[in-house]
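Residue numbers (this note's numbering), protein chains in the order written: chain A, 1 to 657; chain B, 1001 to 1657. Idealized CB from N, CA, C, for every residue including glycine.
There are 2 protein chains.
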Amino acid sequence: MTNLSVAALRALSIDTVQKANSGHPGLPLGASPMAYALWNNVLNVNPKTDRNWFNRDRFVLAAGHGSAMLYSLLHLAGYDVAIEDLQNFRQWNSITPGHPEVTHTSGIEATSGPLGQGLGQVVGLAMAETHLAAKFNKAGHEIIDHYTYTICGDGDLMEGISQEALSLAGHLKLNKLVVLYDSNGITLDGTLDMSSSDDVKKRMESLNWEHILVEDGNDVAAITKAIEAAKTSDKPSLIEIKTVIGFGSPNAGSNKSHGAPFGEEGNATTKANLGFNHPPFTVPQEVYDDFENGIIKRGELAENAWNEKYAAYKAAYPELAKELEDALNNKLPELELPKYEVGTSEASRITNKIAIQELAKQVPYLWGGSADLASSNNTMIADSSNYSAENYGGRNIWYGIREFAMAAVMNGIALHGGTRVFGATFFVFSDYLKAAIRMSAIQKLPVIYVLTHDSIAVGEDGATHEPIEQLAGLRAIPNVQVLRPADGNETMEAWKKALHTLDKPTILVLTRQNLPVLEGTDGKAKAGIEHGGYVLADTPTGKLDGILIGSGSEVSLCVDAQAQLKEKGYGVRVVSVPSLETFLREDKEYIESVLPKSTRARIAVEAASPLGWGALTGLDGDIVAIDKFGASAPGNILFEKYGFTAENITSKFLNIL
Amino acid sequence: MTNLSVAALRALSIDTVQKANSGHPGLPLGASPMAYALWNNVLNVNPKTDRNWFNRDRFVLAAGHGSAMLYSLLHLAGYDVAIEDLQNFRQWNSITPGHPEVTHTSGIEATSGPLGQGLGQVVGLAMAETHLAAKFNKAGHEIIDHYTYTICGDGDLMEGISQEALSLAGHLKLNKLVVLYDSNGITLDGTLDMSSSDDVKKRMESLNWEHILVEDGNDVAAITKAIEAAKTSDKPSLIEIKTVIGFGSPNAGSNKSHGAPFGEEGNATTKANLGFNHPPFTVPQEVYDDFENGIIKRGELAENAWNEKYAAYKAAYPELAKELEDALNNKLPELELPKYEVGTSEASRITNKIAIQELAKQVPYLWGGSADLASSNNTMIADSSNYSAENYGGRNIWYGIREFAMAAVMNGIALHGGTRVFGATFFVFSDYLKAAIRMSAIQKLPVIYVLTHDSIAVGEDGATHEPIEQLAGLRAIPNVQVLRPADGNETMEAWKKALHTLDKPTILVLTRQNLPVLEGTDGKAKAGIEHGGYVLADTPTGKLDGILIGSGSEVSLCVDAQAQLKEKGYGVRVVSVPSLETFLREDKEYIESVLPKSTRARIAVEAASPLGWGALTGLDGDIVAIDKFGASAPGNILFEKYGFTAENITSKFLNIL
């Protein structure tokens, strides 16, 4: 049965690619045996209930370009993926896009494709499992107890993020994480040895992983045995499975079989070589039966058993069960955070520290940490312990100096469910993890990024540490909420907003330097954050001569300039824009109420790239911003030298009048 | 002498930090012995001629936060860094910014600080050396023959880019690359074992590196011996040197000594512990003498010897010498590239292929490659061989699936001088290397990025492979030239512009899909690229009712819409903007000539985030752009579904009129 099922999986995959006339047949042909072994012989999931069973095993196809194989597997395993869906592979509005997308298709646990990030995501999935198990399991009541699997390729392992993620997993002894490495010795451009000579076994051992070798990638029994062995290791395991890319096809073993359809004839030859003599998209009933008797039956029994187990748990530990269910439902209490009074001032990274302490008390499922900058980002939860191999229940994550993996890991944690997670670094180093923020956004994951030291006010560390373009770059990502609060009240509301936002990541952009509390934020900040921008202080003269628009640390300069202009007889309004991209998406009426079109004398002020503000200032306004790199000097001196003073704003305003 | 000199280096470093009341004393105190050993006993540089001697050894302080030590070294070694400069550490307009900057200070070979990138840069420096040696050396005339050194810390090695860079270096057998690893077991937040358990020796061996251990980081003789041993290895070497962070200070061995000044008292105690009893910024003459007799004399002799060697080479191989000198001077011939005629069409990634073949012939010092997408990016130089450990003279670089390292490596290659280098990947994966593009820009390096598959027109691969926000993000970086050409002629001019640009990186943003050649580009494209934007096709009716602004693949849609609007009686101008950020920096007169302020009916069209275009369209115009993620379907269908049709542009234009 096994042989026929594997052949069917291979055939279905290349039929899918051929029909789309686009896609990657190479991986499916090489990796179908390992996928079959894992899915039909080991994986504990219940296709009938899809991803509703919380304690299911998690599987991510890190090598997402092999999506045709995954969709074929989903079909065979009884998920809601029909033959017609395979036939619509890579077509408009299909549930079978070019790379797997968690938002599109039943049975998919993660969006994947951008190389290396799948490994970060499975590390996050596995971390979430350990944390929840530590929090909720009781002796005899192991309600959180599942494995996390992935299939990755050479591309995943060559990406730097793999090192970060695997190193973290080894350090944390995530022994329920099993990576199947499709080792075919081929990359897109040619043989792997053209670009790499790594000793993978030695590398994995250096990272405290178990390395298991399976010499024959077609040996389903050997692969199954290796997976079972990996499950009992006290370390995370990588099973290196030697395969032939495009196995059975005319270009088997060559990069030519990687990423393009074979044509009708090529497919026919391949299927003949595989001994699979069925028309396209035809699956023998025995194959369906095989999956029915494998993954489907096993999964149903497993979920039923778990449901009983959970009922017993709930009876024995009703409060814990409620806490878990609240976490799974992202249930929030009315969040209570301190208010700030005019006359005081505080760096928003310090406000952040206070927010995190308070929120950690009110939201027991909140956890997180920093990429080795906790002491600067102020992200440590004071009354919790460190999350570690010895203490998976700790809520302070030490991501290490691994920004990119931190973000991908957070995506995995968010995909898992059951917690809310945050991660922190300096704002300028958002560059290192940007590709994973994109993946948070594509997957609609409510990950919280705490990025401090948000402008040239960083000061002495100089140009390499001073963000300029990062705000524009992040605001341009679809489905990302970038919040740059202006004072303590806006910062507290930003944190609340972050927790209330469930369909996108939130980026909190915070200062190193003190921010004076502004008149009006205690009261207006909540709605202001909601709209992205709001009238903080209306014209003090009754007539509206112009508008000063600022975000974050520059709003107080606008307020000062407003006072200077008032003395000169001009009435200007100050608009605080904690979230430019949110504000730009508001309806026209609201925007008009904040920025009346008839008022053309407008200045936007932000200690960052001007890119983006032109949409608010138009052809007649001006922007006080930065179009060169920062410098090394005390932050207040830089602000002055770069023109971030009320005097400069005032003078620019008078210029455009 | 050694002991006193090391103590002086330590003392000077902490004096420097103390005076600034900002900076990192921990690394200098731990790593001064290795820095001294390398600089005074081994390094071949000539401080008197600074970086003019081409064959000098290269040194990069990857752990750039230890800048106080580097500046102190530069001072002691006789570079143009005075005590006053140390006293101005981290101050406005000083030559001693918070992190080393190659553009600011004599003797600095690279800007460093963002962790891990220093390792990428030294790999690039070493690659450049091997390549030039292979091209220019002759038996008995080894005019290119130097080593590349760096000091890195745990942070560098934990970053993913380190894996990419070290793996590439091991694969390429860059045996003249020596990394000194300041192994102090401490990170910013605490002990290293809180976040990592890596076995560094095993890791380095897995990457085909020599690993040498020095147990006592204060043993200058042992360190010197280890460096000499590393120099004779046939592999790149990492010397792991066990040190004590903040050695001698009250918080020695703790993360508390990492990143903040100790105070006057702390400094006094430290210096007493070091047995260095001199006032702040006081260097005993014996120490100056020691450096005079070490690095300074050695360097002068070495350069003199090399000058003789080079004279002999030049006599024996005048043509090669001229070729080398031309390369060092970035001398370009009149570049000749094919012109494109209206009626034809071609994907700009294909035009790119043609450009590279032609330019490779005309510019013998041009080399480059792709991060394993050469077959898609079309970057292979057909009539050259592959750069490899067996053939360092090859011009096709196989960077591997290591985008971030590719970019950092290119920065190193550009820093070295003697070649022009390009690197390629899909545009969406610019996310992976963005942090290194920033470093190209800060360092004013003329690196060329070839980024193809530039919009949702990628099609079937779907959202994960379709750039949206990347254009905005890259345009916002200071000192970056982003060129998104509209057709074959603009693409050829973009490549020329890239080669003629010496003070910043150029990013070529190219299509997967065909672009029709537009009327007017053959003639206007050169100046148009120069200005960033230009009138491609003026109003056909004589009166100017509005302006359609586009970049890249969307310009042809604007041209089509222009025709449709003409039929309806409207005269609109089409403006091609291959480089938005360049155009925005043009003087007001030029901008007015292209976009007269009185013409407010403007539509910008770009298949990407709208962010940035508002500066041209103002409050009365509109933008046809994308504010959500892409999808998986054939590219032409996506263009239609996302509104990139002449009809939609026409209709939007009529709406705003």
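If you ignore the 5 residues before and after S609 of chain A, its C-beta comes within less than 8 Å of the C-beta of I468, E469, L471, A472, A625, I626, D627, all in its own chain and listed in chain order. Using beta-carbon distances, R484 of chain A does not count as an interface residue toward chain B, since no partner is under 9 Å.
In the DSSP assignment, I623 of chain A falls within the unbroken beta strand (DSSP E) covering 622-624. Within the region 1529-1582 of chain B, the complete alpha helix (DSSP H) segments of 4 residues or longer fall at 1555-1567, listed in chain order. Nearest Cα to T191 of chain A within the set A:V244, A:L177, A:L320, A:D560: A:V244. DSSP, reduced to helix, strand and coil, places D193 of chain A within a helical segment of the structure shown. Identification of chain A residues near K1202 of chain B by a Cβ-Cβ cut-off of 7 Å yields K202, E205, S206, ordered along the chain. Taking each of B:Y1387, B:V1482, B:F1653, B:L1166 in turn and checking the Cα distance to R1402 of chain B, the smallest one comes out for B:L1166.
Under the three-pair Cβ rule at 8 Å, the region 1042-1060 of chain B does not count as touching the region 1012-1031 of chain B.
Membership of N489 of chain A in the alpha helix (DSSP H) is indicated by the continuous run 488-500. At least 9 Å separates the CB of Y392 of chain A from every CB of chain B.
With a threshold of 16 other beta carbon atoms within 10 Å, Q1121 of chain B meets it and is buried.
In the displayed model, R1602 of chain B falls within a strand according to three-state DSSP. Secondary structure within the region 1145-1169 of chain B: the beta strand (DSSP E) runs of 3 or more consecutive residues, fully enclosed, are 1148-1152 (chain order).
Counting only runs that start and end inside the region 1206-1241 of chain B, the alpha helix (DSSP H) elements of at least 4 residues fall at 1220-1231. By the Cβ test, the region 1144-1153 of chain B is in contact with the region 1171-1189 of chain B, since at least three Cβ pairs between them sit closer than 8 Å.
Just so you know, the alpha carbons of R90 of chain A and A1631 of chain B end up roughly 9 Å apart. With contact defined as three or more Cβ pairs closer than 8 Å, the region 515-533 of chain A and the region 598-613 of chain A are not in contact. Look at the region 443-474 of chain A: the residues with a C-beta under 7 Å from a C-beta of chain B are E460, D461, G462, A463, T464, H465, I468, E469, A472, G473. In this structure, G1394 of chain B and D1372 of chain B do not form a Cβ contact; the two beta carbons are roughly 16 Å apart against a cut-off of 8 Å. For the region 326-338 of chain A, the set of positions with a beta-carbon nearer than 9 Å to some beta-carbon of chain B is empty. Take E205 of chain A, set aside five residues on each side of it, and the residues of its chain with a beta-carbon closer than 8 Å to its own are H211, in chain order.
The Cβ of N1255 of chain B sits closer than 9 Å to at least one Cβ of chain A. Counting along the chain, P516 of chain A sits inside the beta strand (DSSP E) bounded by residues 514-516. C-alpha of A1441 of chain B to C-alpha of A1062 of chain B: approximately 18 Å in a straight line. Against chain A, the CB of V1428 of chain B has a partner CB under 9 Å away; the residue lies at that interface. C-alpha of S1385 of chain B to C-alpha of N1330 of chain B: approximately 23 Å in a straight line. Under DSSP, K1138 of chain B shares a beta bridge with B:H1141.
Across the set A:L213, A:D193, A:M194, A:S195, the C-alpha of A:L213 shows the shortest separation from the C-alpha of K201 of chain A. As a beta-bridge residue in DSSP terms, W367 of chain A pairs with A:V421. The residues I186, I245, G246, in chain order, have a CB closer than 8 Å to that of S254 of chain A in the same chain once the five nearest residues on each side in sequence are set aside.
The C-beta of W1495 of chain B comes no closer than 9 Å to any C-beta of chain A. DSSP places Q1091 of chain B outside both helix and strand once states are collapsed to three, so it counts as coil. At a cut-off of 9 Å between C-beta atoms, F1629 of chain B counts as an interface residue with respect to chain A. Counted as a single uninterrupted DSSP element, the alpha helix (DSSP H) harbouring F639 of chain A occupies residues 635-641.
Judged by DSSP in its simplified three-state form, T1187 of chain B adopts strand.
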